[in-house]
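To start, the structure itself, in structure tokens.
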Amino acid sequence: LRGKRIGSKLVQLCLDRMRELNADECVLETEVTNLGALGLYRSMGFVKEKRLHKYYLNGNDAFRLKYLFKLPEGFSNGAGCLGQPAEAWKPELEPA
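One point on numbering: in our numbering, the residue at position 33 of the sequence shown is 365, and numbering is uninterrupted.
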């Protein structure tokens with residue numbers, strides 16, 4: 333069945349439905365050795381979020397992948413995915 337784009341059509345149907353339901357993101361895991369799946373998800377806009385060590389019963393690692401339907405608040409202003417940068421912590425000096 334490879335080469336018929338069935339996998340990408342199924343993933344696109346799921347993403348379309350999640351968008352209709354106003355989802356913020358889609359998160360999934362795939363084995364680090366599954367190059368076909370990793371290529372498919374990357375081509376559809378998923379990004380690697382985290383490596384999960386020994387995630388599977390066979391001891392193999394996985395990547396957690398994420399597709400964002402909405403960018404985080406402040407992202408377009410340079411805040412990145414974690415929001416606005418925190419102000420530098422400055423300890424209060426106590427009077428001597």
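For every residue, glycine included, the Cβ atom is placed at its ideal position computed from N, Cα and C. Just so you know, these numbers come straight off a predicted model, no measurement behind them.
Status (buried if at least 16 other CB within 10 Å, exposed otherwise) for residue i
| i | result |
| --- | --- |
| V343 | buried |
| P423 | With a pLDDT of 46 at P423, under the threshold of 50, the modelled position of that residue is not reliable, and the figure given next carries that caveat. Classification of P423: exposed, given that the 10 Å Cβ count is below 16. |
| Y388 | exposed |
| L397 | buried |
For residue j and residue i, believed in contact at Cβ under 8 Å, the rounded distance
| i | j | result |
| --- | --- | --- |
| N392 | V359 | That pair is no contact at about 19 Å. |
| A394 | E361 | 4 Å |
| Y399 | G377 | 6 Å |
Limits of the unbroken beta strand (DSSP E) element including residue i
| i | result |
| --- | --- |
| Y388 | From DSSP, Y388 is part of no beta strand (DSSP E); its letter is neither H nor E. |
Residue range of the alpha helix (DSSP H) that includes residue i
| i | result |
| --- | --- |
| V343 | I338 to E352 |
Beta-bridge partners of residue i, as assigned by DSSP
| i | result |
| --- | --- |
| A394 | E363 and L384 |
| Y399 | C358 |
Evaluate contact between the segment 339-353 and the segment 383-394, counting only Cβ atoms and requiring at least three cross-stretch pairs below 8 Å.
-> no
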